[in-house]
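Structure first, commentary second.
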Amino acid sequence: MTKISALQQERYAYLPKLPPVLRECGPFAAVKAGAATESVADQQAIKALFPDTYGLPALEFVSGEKKDVPVMKAGVILSGGQAPGGHNVIAGLFDGLQALHEKNELFGFLGGPSGLIDDKYLLITKELVDQYRNTGGFDMICSGRTKLETPEQFDKVADNCRKHGINAIIIIGGDDSNTNACTLAQYMLSKKTGIQVIGCPKTIDGDLKNEWIEVSFGFDTATKVYSELIGNIMRDANSARKYWHFIKLMGRSASHIALECALQTHPTACIISEEVAANKTSLEQIVKELTDLVVSRADKKMNFGVVLIPEGLIEFIPEMNALIAELNDLLSHRKEAFEALNDMPAKIAFVARELASASAAVFKSLPEGIKAQLLGDRDPHGNVQVSRIETEKLLITMIEEQLKCINAGREKAVKFSSQAHFFGYEGRCAAPSNFDADYCYSLGFTAATLIGAGKTGYMASVRKIATPAKNWVAGGIPLTMMMNIEHRHGKDVPVIKKALVDLGGKPFQSFAKLRKVWGEGIEFIYPGPIQYFGPATVCDQPSCTLQLEQQ
Ligand code: FBP
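Heads up: the sequence shown runs through residues 1 to 551, numbered per our numbering.
This is the structure:
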């Protein structure tokens with residue numbers, strides 16, 4: 001880095017807040033163990049798969065005295081999609097390890113899990129950490145999506161750790177990466193390697209959460225960035241009064257991001273995938289409801305609006321879900337015949353012929369562009385890449401079709417001019433909000449404290465985070481506690497349960513109470529950009545979701 005921005009320069013000086021016990025005792029906080037734990041479901045099966053880590057107690061840090069501890073070496077990886085605050089997790093981890101013993105070393109494995117397997121690393125020094133404090137991105141050691149799950153990979157990891165004398169691995173990742181951390185911890189114990197494994201909860205999607213993990217890091221900053229952009233678009237819509245903006249928001253599966261942005265900005269409409277699935281709402285119904293909204297606002301001379309759409313929507317619409325499942329099957333069983341066709345129209349015709357009649361009808365009803373997206377590149381498991389489907393454009397096209405029929409029978413045609421947007425990458429590497437800067441640093445410091453206490457098979461946990469940091473409580477939650485068995489890619493596998501939007505929970509309920517009013521009028525809120533300097537009421541506010549959940 002030769003040149004840095006004025007903001008980055010100022011942010012270097014920001015000192016993240018820590019939970020009081022870590023501020024006072026550093027990584028020498030003592031560990032208070034609770035009662036033995038159970039997994040969230042499938043207890044017998046999980047216990048059989050994780051005999052050495054199942055049932056560990058939840059841990060809370062309490063006051064402790066500084067003591068002599070042996071010199072340690074630890075290795076860290078960033079795994080999966082970027083999320084604001086990753087560098088601060090590493091900074092907290094580094095500072096915590098240094099406070100335990102100044103000769104401790106931290107290896108940063110490069111490019112995610114593959115770095116750990118292939119032994120690609122750099123030694124993390126104070127000079128390096130200082131360049132990245134309170135910055136966004138994962139570029140200090142980069143990330144990757146290689147799955148760390150086979151015994152052969154685990155053997156390589158153990159060999160690399162032995163070679164360097166590393167006795168702890170910290171995996172900063174989402175539900176899948178922490179599922180792998182759980183399996184790796186069990187492997188390391190069963191092979192008596194003495195290598196500890198600790199996880200940290202990361203993902204902007206916000207779907208790695210439970211009683212102990214109140215939010216995954218990055219959600220706060222990413223949703224604040226998207227809400228700023230949505231607010232700007234709302235103000236433009238309200239100024240020009242001629243466009244409907246359809247905004248797709250990242251979040252591979254759960255709709256937490258869309259819901260949070262809706263709570264922050266009060267859009268004209270926001271679709272929540274989990275509600276669509278619960279009510280078995282069809283694509284046609286969704287389009288009809290949105291078209292009705294366009295018509296009713298047009299009747300009030302409001303030919304504008306802002307609609308939020310969660311990225312994962314398509315898979316939650318029952319008939320689309322069935323279509324995608326059939327497509328995955330068809331394209332894997334008839335792979336050769338499909339790939340032998342050299343143009344898209346021929347591929348589309350082939351699929352329309354081969355699908356069962358219900359799915360064929362759904363497929364045929366879709367615009368050509370969407371059909372092509374459904375048949376585009378598969379993911380590494382051979383599945384349709386649903387996140388690449390332009391749902392925002394699909395809805396616009398279908399509303400336009402409906403309006404053609406409606407306008408044919410009206411004296412004054414409904415005007416509908418639209419703009420499509422997708423916000424995702426815009427927020428994933430933003431400079432962390434004060435909340436994420438503090439939370440991430442605390443998670444990293446917590447991980448160092450767990451390592452110092454000789455723990456393995458835990459995820460760093462910092463709680464009470466909807467309140468000021470002076471109330472935060474830190475400790476660890478056994479990874480096995482979050483596991484259940486799910487059927488994935490034809491097999492029953494142990495995985496960390498993904499947290500979807502709870503339709504009975506306060507965030508969704510608050511939204512559901514207000515959305516009608518938002519749809520009828522102009523209730524937009526313009527949150528503006530994240531503030532790093534100024535009163536805590538502006539700078540340190542946690543997300544609306546977190547505040548409502550912990551009310
Ligand atoms: P993680 O679950 O790994 O944190 O990634 C989440 C996410 O940001 C999703 O919101 C999005 O669908 C996906 O990553 C995009 O992945 P990619 O970076 O590979 O395009």
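No residue lacks a Cβ here, since even glycine has one placed at the ideal position from N, Cα and C. Values in this document were obtained by computation on a predicted structure and should not be read as measured data.
- For the set G457, K491 and D540, the Cα lying nearest the Cα of N180 is the one of G457.
- Contact between D436 and G85 holds, with the beta-carbon distance rounding to 4 Å and staying under 8 Å.
- Runs of the beta strand (DSSP E) lying entirely within the region 108–174 and spanning at least 3 residues, in chain order: 121–124 and 168–173.
- In the structure shown, P51 adopts coil according to DSSP, grouped into three states.
- Less than 7 Å divides the Cβ of C440 from the Cβ of V89.
- Under the DSSP definition of a beta bridge, G475 partners with E60 and S461.
- Taken atom to atom, the span from the alpha-carbon of P494 to that of S433 is near 34 Å.
- With a cut-off of 8 Å on Cβ pairs, the region 231–240 is in contact with the region 510–530, counting three or more such pairs.
- Excluding five sequence positions before and after F138, the CB atoms of its chain that fall closer than 6 Å to its own CB belong to L78, Q82 and G86, given in chain order.
- With a cut-off of 6 Å, the C-beta of G521 is classified as distant from the ligand FBP, since no heavy atom of the ligand falls inside that distance.
- With respect to the C-alpha of S273, the residue from P267, L283, K147 and T265 having the closest C-alpha is L283.
- Apart from sequence neighbours up to five positions away, the residues of its chain that approach F219 with a beta-carbon distance below 6 Å are I204 and G206, ordered along the chain.
- For K248, the secondary structure class from DSSP, reduced to helix, strand or coil, is strand.
- Looking at the backbone, the Cα of N328 and that of V384 are separated by about 6 Å.
- In the three-state scheme derived from DSSP, where H, G and I count as helix and E and B as strand, D502 is classed as coil.
- Under the three-state reduction of DSSP, K3 is assigned to coil, being neither helix nor strand.
- Set against 6 Å, the gap from the CB of G112 to the closest heavy atom of the ligand FBP is not smaller.
- Within the same chain, A466 come within 6 Å of Q547 by CB-CB distance, once the 5 residues on both sides are set aside.
- Taking a contact as a CB-CB distance under 8 Å, the pair P70 and F445 does not count as one, their CB atoms being some 19 Å apart.
- The DSSP-derived three-state label of H489 is coil.
- G92 and T291 have their C-alpha atoms spaced approximately 50 Å apart.
- Excluding its 5 nearest sequence neighbours in each direction, A358 has C-beta neighbours in its own chain below 8 Å: E319 and A322, listed in chain order.
- Contact between F423 and Y243 is ruled out by a C-beta separation of about 16 Å, above the 8 Å threshold.
- A Cβ-Cβ separation of about 17 Å leaves T537 out of contact with L263 under the 8 Å criterion.
- Cβ neighbours of S190 within its own chain (closer than 7 Å, five residues either side excluded): D52.
- Taking the Cβ atoms as the reference, K464 lies roughly 16 Å from L59, outside the contact range of under 8 Å.
- A Cβ-Cβ separation of about 7 Å places F61 in contact with L22 under the 8 Å criterion.
- Ranked by Cα distance from K364, the options F316, L122 and K347 are led by K347.
- Pairing Q186 with A168 gives a Cβ-Cβ distance that is not under 7 Å.
- The Cβ-Cβ distance between T193 and A158 falls below 7 Å.
- For the ligand FBP, a non-hydrogen atom lies closer than 6 Å to the CB of R252.
- Look at C270 here: in three-state DSSP terms it is strand.
- For L374, the enclosing alpha helix (DSSP H) stretches over residues E368 to L374.
- The DSSP assignment places 418–423 as complete runs of the beta strand (DSSP E) inside the region 418–448, in order along the chain (cut-off: 3 residues).
- Distance between Q131 and S387, taken at the CA atoms: about 34 Å.
- Listed as beta-bridge partners of P201 by DSSP are G173.
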